[in-house]
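S.K.: Those letters in the sequence shown? Residues 17 to 375, by this note's numbering.
Every residue, glycine too, gets a C-beta built ideally from N, C-alpha and C.
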Amino acid sequence: MCKVAIVILNWNGSDMMRKYLPSVIRCSQGEGVEVIVADNASTDDSISMLRTNFPAIRIIELDQNYGFADGYNRALKQVKAEYYLLLNSDVEIRQAGWLTPMTEYMDSHPQVAASQPKLLKLLPQGDSRKMFEYAGAAGGFIDKYGYPYCRGRVFSTVEEDKGQYDEIASVMWTTGAAMMVRSDVYWEAGGLDAQFFAHMEEIDLCWRMRIMGYDLVCVPMSTAYHLGGATLNQGNPRKTFLNFRNNLLMLYKNLPDQQLRSVIRIRKFLDFVAAVQFLIKGDVANMKAIRKAHKEFSQLIPYYTPIRQQIQKNRKATCALPEVVNQSILWQYYAKENKTYSGLKKNLKMQKLKSTPNF
């Protein structure tokens with residue numbers, strides 16, 4: 017069994033891997049580290065390219081495209097390692113030994129189930145800015161109604177990295193673009209939810225690990241650069257459908273009983289408002305995607321009811337969540353124009369969660 021298995025899930029990403037995989041291999045060299053590509057039945061030349069250009073890389077070939085969630089589940093069942101490092105194919109690494117800060121921190125903090133590096137945007141050549149990346153920035157949170165945001169990114173506002181989040185911090189969720197997770201806890205929590213296919217699946221997994229009493233952290237001494245949007249672009253109706261449906265499923269699975277009905281009811285109303293906004297803009301496809309998301313959510317409730325019951329049985333008396341916004345961030349962002357994590361933290365007065373049962 018190796019110490020760290022870096023597992024890159026690929027689907028038709030030959031060009032991405034040809035460009036970025038060399039940096040991962042170069043900066044991840046060390047005893048006990050293995051780099052693996054799990055292929056979701058790509059129809060491009062991914063497999064032949066890997067065998068020709070990276071003959072030392074282990075390839076796990078899946079028989080069809082299982083999506084991000086089940087693709088990883090099926091691949092990781094074939095991997096023996098203390099830590100899995102889930103890494104997107106469009107991630108570039110520039111820091112030799114980038115794994116060390118995360119592994120050392122997790123080795124010395126056994127209650128930490130998962131960690132992530134500081135995630136920066138992979139910008140065009142010549143752009144010297146250091147911008148956080150949308151998918152995870154410096155670690156993520158959710159608000160009362162399930163809206164994800166990060167240290168470094170709130171909705172569409174992405175901050176420049178000026179060292180403002182350079183301390184190790186407990187977070188609600190770690191990004192699936194570059195997540196180091198204990199293999200035993202991954203399976204103890206049930207792995208990624210295969211029904212999600214893609215989007216929100218890592219937040220759902222992290223929430224379940226939180227419910228079980230584990231901590232999650234961002235270790236910004238490790239850094240990765242993420243291109244982002246390599247599979248589905250923002251505004252794609254398929255992406256809209258998955259985000260809205262999976263967000264509702266995540267809330268249904270993980271919210272405590274005393275909050276479930278009220279939060280779901282208000283979230284459905286907020287989704288209705290979003291659908292109307294798409295319609296006003298003439299974007300009928302995305303409006304229909306939200307409607308389809310709600311329909312499928314309702315259809316999946318019978319399937320998820322026993323799953324929810326099992327998750328709630330695992331709930332600890334006090335969860336390890338460090339901070340939680342006990343209201344929606346929508347008002348602060350759109351009405352009061354608090355568009356950064358620091359601004360939200362100051363104005364919303366996030367509460368230490370020791371006895372508060374919200375999550």
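#1: Beta carbon of N28, beta carbon of S58: below 8 Å?
#2: What are the uninterrupted segments assigned as beta strand (DSSP E) that are 3 or more residues long and contained completely in the region 37 to 108, given in chain order?
#3: Considering only C-alpha positions, which residue in the set Y99, D60 and S39 is nearest to W203?
#4: Report back the beta-carbon spacing between Q132 and C234 to the nearest angstrom; my notes put them in contact at under 8 Å.
#5: Closest to N89 by CA distance: which of G168, Y163 and G206 is it?
#6: Would the region 278 to 286 and the region 223 to 243 be scored as touching if the rule is three or more Cβ pairs under 8 Å?
#7: Report the rounded CA-to-CA distance for F288 versus S62, giving the unit in angstroms.
#8: I22 and V40 - do their beta-carbons sit closer together than 8 Å?
#9: Just to confirm before moving on: does the CB-CB distance between G83 and E149 stay below 8 Å?
#10: Per DSSP, H242 forms a beta bridge with which residues?
#11: Output the distance between the C-alpha atoms of V20 and A185, rounded to the nearest integer angstrom.
#12: Does the beta-carbon of W223 have 16 or more other beta-carbons within 10 angstroms, so that it is buried, or is it exposed?
#13: Tell me the DSSP secondary structure of E379 in three-state form.
#14: What residue range does the alpha helix (DSSP H) around Y161 cover?
#15: For the alpha helix (DSSP H) holding T301, just list the boundary residues, first then last.
#16: Could you tell me which residues DSSP pairs with F148 in its beta bridges?
#17: Tell me which residue opens and which closes the beta strand (DSSP E) that K19 is part of.
#18: As a quick exercise: from D79, R67, S44 and C43, pick the residue whose alpha carbon is nearest that of S30.
#19: Here's the rule: buried if 16 or more other CB atoms are within 10 angstroms of the residue's CB, otherwise exposed. What is G251?
#20: Cβ atoms of I227 and M188: under 8 Å apart, would you say?
#21: Got a sec, what are the start and stop residues for the beta strand (DSSP E) V197 sits in?
#22: Alpha carbon to alpha carbon, how far is I323 from I317? Give it in angstroms, no decimals.
#23: In chain order, what residues of the same chain have a beta carbon less than 7 Å from the beta carbon of A336, not counting five sequence neighbours either side?
#24: According to DSSP, simplified to helix, strand and coil, what is G29?
#25: Please name the residue in K255, A91, K332 and G87 whose C-alpha comes closest to that of M303.
#26: Ignore the nearest five residues each way along the sequence and tell me which others in T173's own chain have a CB closer than 6 Å to its CB.
#27: To the nearest angstrom, how far is it from the Cα of H376 to the Cα of N56?
#28: Taking Cβ to Cβ, would you say R42 is nearer than 8 Å to N69?
#29: Look at K177 and L136 and say whether their C-beta atoms are less than 8 Å apart.
#30: Indicate the three-state DSSP secondary structure (helix, strand or coil) for V187 in the structure shown.
#31: Report yes if the C-beta distance between A130 and M195 is below 8 Å; otherwise report no.
#32: Determine whether the beta carbon atoms of M294 and L258 lie at a separation below 8 Å.
#33: Within 10 angstroms of the Cβ of N363, are there 16 or more other Cβ atoms? Answer buried if so, exposed if not.
#34: Using only CA atoms, which one of V95, D60, I219 and N81 lies nearest to I75?
#35: If we call anything under 8 Å between Cβ atoms a contact, is A154 one with R167?
#36: Alpha carbon to alpha carbon, how far is L395 from V292?
M.R.: Here's the rundown:
#1: For the pair N28 and S58, the CB atoms are nearer than the 8 Å cut-off.
#2: With a minimum length of 3 residues, the continuous beta strand (DSSP E) runs that stay inside the region 37 to 108 are 49 to 55, 74 to 77 and 97 to 103.
#3: Taking each of Y99, D60 and S39 in turn and checking the Cα distance to W203, the smallest one comes out for Y99.
#4: Contact flag correct, Cβ pair sits at about 5 Å.
#5: Minimum Cα distance to N89 is reached at G206.
#6: Flag = no, the region 278 to 286 and the region 223 to 243 do not touch.
#7: Straight-line Cα distance between these residues: approximately 41 Å.
#8: Cβ atoms of V40 and I22: closer than 8 Å.
#9: The Cβ-Cβ distance between G83 and E149 does not fall below 8 Å.
#10: Per DSSP, V107 and K137.
#11: Going by C-alpha positions, V20 is about 22 Å away from A185.
#12: Label assigned to W223: buried.
#13: Since the first residue of the chain shown is 17 and the last is 375, residue 379 is not available in this structure.
#14: Where Y161 is concerned, there is no enclosing alpha helix (DSSP H), given that its DSSP letter is neither H nor E.
#15: It should be noted that the sequence gives Ala, not Thr, for residue 301. It spans V300 to K329 - the alpha helix (DSSP H) in which A301 sits, taken as one unbroken run.
#16: Looking at the DSSP output, F148 sits in a beta bridge with L136.
#17: Looking at the DSSP string, the run of the beta strand (DSSP E) that includes K19 is C18 to N26.
#18: Of the listed residues, the one whose Cα sits closest to S30 is R67.
#19: That one is exposed.
#20: Not in contact: M188 and I227 (Cβ atoms no closer than 8 Å).
#21: That run of the beta strand (DSSP E) goes A194 to R198.
#22: If I take the Cα positions, the gap works out to 10 Å.
#23: Confidence in A336 is poor, its pLDDT being 40 and thus under 50, which makes the residue's placement unreliable; the coordinate value appears in the next sentence. Same-chain partners within the cutoff: R226, G229, Y230 and D231.
#24: G29 falls in the coil class under three-state DSSP.
#25: When each option's Cα is compared against that of M303, the closest is K255.
#26: Leaving aside the five residues that flank T173 on each side, the residues in its chain whose CB is nearer than 6 Å to its CB run, in chain order, K355.
#27: The requested residue 376 is not part of the displayed model; the chain covers only 17 to 375.
#28: Cβ distance not < 8 Å, so R42 and N69 don't count as in contact.
#29: Lys is not the amino acid found at residue 177; the sequence shown has Asp there. Taking 8 Å as the cut-off, the Cβ atoms of D177 and L136 count as close.
#30: V187: coil per DSSP, three-state reduction.
#31: When the beta-carbon positions are compared, A130 and M195 come within less than 8 Å of each other.
#32: Here residue 294 turns out to be Phe, not Met, going by the sequence shown. Not a contact, by the Cβ cut-off of 8 Å.
#33: Looking at its Cβ environment, which holds fewer than 16 other Cβ atoms inside 10 Å, N363 is exposed.
#34: In terms of CA proximity to I75, V95 leads the group V95, D60, I219 and N81.
#35: For A154 and R167, yes; Cβs fall inside 8 Å.
#36: Since the first residue shown for the chain is 17 and the last is 375, residue 395 is missing from the structure and cannot be characterised.
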